[in-house]
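Positions -21 to -1, 1 to 524 (mature numbering (1 follows the signal peptide of the UniProt record, and there is no 0)) are the ones given, in order, by the sequence shown.
Every residue gets a Cβ at the ideal spot worked out from N, C-alpha and C, and that includes glycine.
Because the structure is a prediction, the values reported are computed rather than measured.
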Amino acid sequence: MVSKILAVFFAVSLFALSASAQQTNDQPKLVVGIIVDQMRQEYLYRFGDRFGEGGFKRFTEQGFMMTNGHYNYIPTYTGPGHASVYTGTTPATHGIIANNWYVRQLNRAIYCAEDSTVTNVGGTPGNGNISPRNLLSTTISDELRFSTAKRSKVVGIAIKDRGASLPAGHTGDAYWYDSDNGEWMTSTYYHQALPQWAADFNTKKRPDYYLGQTWNTLYPIESYVNSLPDNNDYEAPFIGKSTPTFPYVLDSLRKNNGDYGLIASTPYGNSLTLDFAYAAIEGEKLGQRGVTDLLAVSFSSPDYIGHRFGPSSIEVEDNYLRLDKDLAAFFDYLDQKIGKGQYLVFISADHAVAEVPSYMVSERVPAGNFNTGLILGQLRGFAQAKYGDGNWILNFSNEQVFVNKDLAREKNMDFELMQREIADYSLRFKGVKEAYTAADLKKMEYNFGSKHLLQMGFNHKASGDVLFVLEPAWLAGGQRGTTHGSGYTYDTHVPIAFYGWGIKPGTSSTYTTVTDIAPTLSVLLKIKFPNGAIGQPIKEIVDGK
């Protein structure tokens, strides 16, 4: 009798263990979303032979890489980029049409993550009016939480508030860095007080530690043969330093370069971001609670460094070599804490970046700087001469012209004709390649080319009345440093790769868009697509599982 009871007991135990293992393998314990702000796909090749085995090579050698991944709209900025990756749709639907955009009803620009109804928790008041309320659709983060009756936890982390709040969605938690006092903070949208683990992290004063360092090259500077010489005319030096050259003694530079904000313009901003990510995993027990959690990490520092020094600088190369080491340590930690094969990671970027126009000109490549202030003045002069006295041009930003619709109505003007006349006039400006009207974008359906990308980024309620496409390598900016925002491949071609749970190694050159990332996750996790998603699951990844 005893032997029968023991046999039944062992059988039940084995069944329970089998069911537990099956449940564990059926879902990853943790999803980690990584956005590297301003990362080109090309960096994985140009710097690849200097990467170690445990960082970016986890994606290129052990994961599945879509080598032809792109943004599928204009403009390619940070706010829209983060929103598009996590919603699976474009600004036309999710509503984040830029980092800042003009709102007619307010007669001012708004910030993509601004929310006047909430205040700071930690940090300082000026950096606390942040939430995802301007985001008009759900994210993969939201859908994960909804799928588990909100038992799943979602945490978004970035130096930039928009890089944290938009990926965390409407139902997750977000934390960002306060450049005024060096604290990690949140807002009352998320919490009434900082969780104890976050408050404890702030007491460690990690920013002061990093700002006491000297940023020198990780390897001998002469070995950076894939970058321009350290001292050149295309990079913008820090205040107090006559040349944009190594070494950077941060303790002496911080006073005149934003104090605590200086860390964002160094590779130590990446290290600080991961320090806080470690604390979040430990404090929230992410991936350790019997349900799938999501950690969204955005590395903001590559964008700050890239804007100042440009993509061909030693500073950018050194930043990626250091980030590679930071990621290797992070993945080793996840192997130990969560378990190899028990977590799923994807990596992408919120946009890529253009070469410095003045460098292109020096190499006899057509390029230039677009003077937006001068263009605005000429547009207003044209409108005054054409339509009479009045404030006809309300705003010019993000290569979009906002025309005074109320004034046109008051004077019985044909508003569509005005848009067309302003668009035609704009083609005389040096650097303007194409000009489209809102009327055409609302009436026509474009399936290819720059007009298609514009349409995918065009929101009927929020976008301007005349939209420009600049010539290749033309940017709104100065003689040093660079930016992004166009629909050209130098701004759209970004990494899209998955690694870890359920992912078989491989590569594909199939054209893929960042709006395919969230639907791919939805299929892998067996949850709903975000409610505005237009992307498709990446077949090579979901069918290979």
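- Of the residues ASN210, GLY237, LYS234, SER231, the one whose Cα lies closest to the Cα of PHE225 is ASN210.
- When Cβ pairs closer than 8 Å are counted between the two stretches, the stretch 8 to 28 is seen not to touch the stretch 442 to 454, the count staying below three.
- Residue state for THR117 is assigned as coil, using DSSP reduced to three classes.
- Residue environment: GLN20 is assigned as buried (16 or more neighbouring CB atoms within 10 Å of its CB, all protein chains considered).
- The Cβ neighbour count for ARG407, taken over all protein chains shown within 10 Å, is under 16; the residue is labelled exposed.
- Cβ atoms of VAL332 and TYR50 stay farther apart than 8 Å, at about 12 Å.
- Between the alpha carbons of VAL380 and ARG83 lies a gap of roughly 12 Å.
- Of ALA476, ASP152, PRO111, ALA143, the smallest CA-CA separation from LEU323 is found for ALA476.
- No Cβ-Cβ contact shorter than 8 Å links GLY479 with GLU519.
- In chain order, PHE375, PHE408 place their CB closer than 7 Å to the CB of ILE354, counting only its own chain and leaving out the 5 sequence neighbours on each side.
- Looking only at ALA71, TYR415, ASP28, the smallest Cα-Cα distance to ALA402 is reached by TYR415.
- The shortest CA-to-CA distance from SER341 to any of ASN4, ASP212, ILE284 is the one to ASP212.
- TYR81 and TYR52 have their C-alpha atoms some 19 Å from each other.
- Unbroken beta strand (DSSP E) runs of no fewer than 3 residues, entirely contained in the stretch 246 to 307, are found at 272 to 278, following chain order.
- In this structure, VAL276 sits away from ILE138, with a CB-CB distance that is not shorter than 8 Å.
- A contact is defined here as three or more CB-CB pairs under 8 Å, and the stretch 463 to 470 fails this definition with respect to the stretch 489 to 505.
- Within the same chain, Cβ atoms closer than 6 Å to the Cβ of GLY142 are found at HIS61, SER277, SER279, the five residues on either side in sequence being excluded.
- Remark: three or more beta-carbon pairs, one from each stretch, lie closer than 8 Å, so the stretch 101 to 114 and the stretch 153 to 171 are flagged as touching.
- Here TRP371 has ALA362, ASN383 as same chain residues with Cβ atoms under 6 Å from its own Cβ, once five neighbours each way along the sequence are excluded.
- Ranking GLY347, SER327, ASP329 by CA distance to the CA of PRO336 puts GLY347 first.
- Cα atoms of THR103 and ALA259: separation of roughly 21 Å, rounded to the nearest angstrom.
- When Cβ pairs closer than 8 Å are counted between the two stretches, the stretch 295 to 303 is seen to touch the stretch 178 to 197, the count reaching three or more.
- For the options ALA307, MET45, GLY34, the alpha carbon positioned closest to that of THR491 is the one of MET45.
- Within the model, the alpha-carbon separation for ILE284 versus VAL521 is close to 35 Å.
- Look at the stretch 431 to 505 and you find these whole runs of beta strand (DSSP E), each 3 residues long or longer: 445 to 449, 475 to 479, 485 to 487.
- By the criterion of a C-beta distance shorter than 6 Å, THR127 is surrounded in its chain by VAL270, once the five residues flanking it on both sides are discounted.
- Rounded to whole angstroms, the gap between the alpha carbons of ASP329 and THR57 is 5 Å.
- ASP272 and ILE75 have their C-alpha atoms some 25 Å from each other.
- Just measuring C-alpha positions, the residue of ASP159, ASN249, ALA307 sitting nearest LYS234 is ASP159.
- The C-beta of LYS183 has fewer than 16 other C-beta atoms within 10 Å across all chains shown, which makes the residue exposed.
- Judged by their CB atoms, SER292 and GLU334 are not nearer to each other than the 8 Å cut-off.
- For LYS132, the secondary structure class from DSSP, reduced to helix, strand or coil, is coil.
- Going by DSSP, ILE14 is part of the beta strand (DSSP E) stretching over 9 to 15.
- In the displayed model, GLN192 falls within coil according to three-state DSSP, outside both helix and strand.
- Assigned with DSSP and collapsed to three states, HIS49 falls in strand.
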